[in-house]
Amino acid sequence: MKKVIVACGGAVATSTVAANAIRELCAAHNIPVEILQIRINEIENQLDGVDLIVTTMRVKKDFGKPYVNGMPFLSGVRVEETEQKILDVLQN
Numbered sequence: 001m002k003k004v005i006v007a008c009g010g011a012v013a014t015s016t017v018a019a020n021a022i023r024e025l026c027a028a029h030n031i032p033v034e035i036l037q038i039r040i041n042e043i044e045n046q047l048d049g050v051d052l053i054v055t056t057m058r059v060k061k062d063f064g065k066p067y068v069n070g071m072p073f074l075s076g077v078r079v080e081e082t083e084q085k086i087l088d089v090l091q092n
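Residue numbers (UniProt numbering): 1 to 92.
Here it is as structure tokens:
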């Protein structure tokens, strides 16, 4: 099972949109996934066993884990490219 952090400022609205998109993407590619939906300021304390971090805000800090900006799930621009980046991480 892959573990993905999906984070935004409040862990409610925008991260929910991204989390749902990632769940659907993983289901379509038969990738078992656990989504941990949190606030960006909580990422550092939740890194154990995490395979990927996706945020709906730009993050400059390197958490030592693969990172994908999830803003395209909100804007609708470059969604396929973002999905491919996520698959590249989770299928390896």
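Note that beta-carbon positions come from the ideal geometry of N, C-alpha and C, so glycine has one too.
Three-way DSSP call (helix, strand, coil) for A11 in this model: For the purposes of this step, residue 11 is identified with residue 11 of the sequence shown, where counting begins at 1. Three-state result, A11: coil.
Pair within 8 angstroms by beta-carbon distance, A7 and R39: Here residue 7 corresponds to residue number 7 of the sequence shown, with the count starting at 1. Here residue 39 corresponds to residue number 39 of the sequence shown, with the count starting at 1. Yes. Within cutoff.
Buried or exposed by the 16-neighbour rule on C-beta atoms within 10 Å, applied to G64: Translated into positions along the sequence shown, residue 64 becomes position 64. G64 comes out exposed.
Beta-carbon proximity check, I86 vs L52, cutoff 8 angstroms: Here residue 86 corresponds to residue number 86 of the sequence shown, with the count starting at 1. Here residue 52 corresponds to residue number 52 of the sequence shown, with the count starting at 1. A contact, by the Cβ cut-off of 8 angstroms.
Endpoints, the alpha helix (DSSP H) within which L74 is located: Working through the sequence shown from its first residue, we reach residue 74 at position 74. From DSSP, the alpha helix (DSSP H) with L74 extends over P72 to S75.
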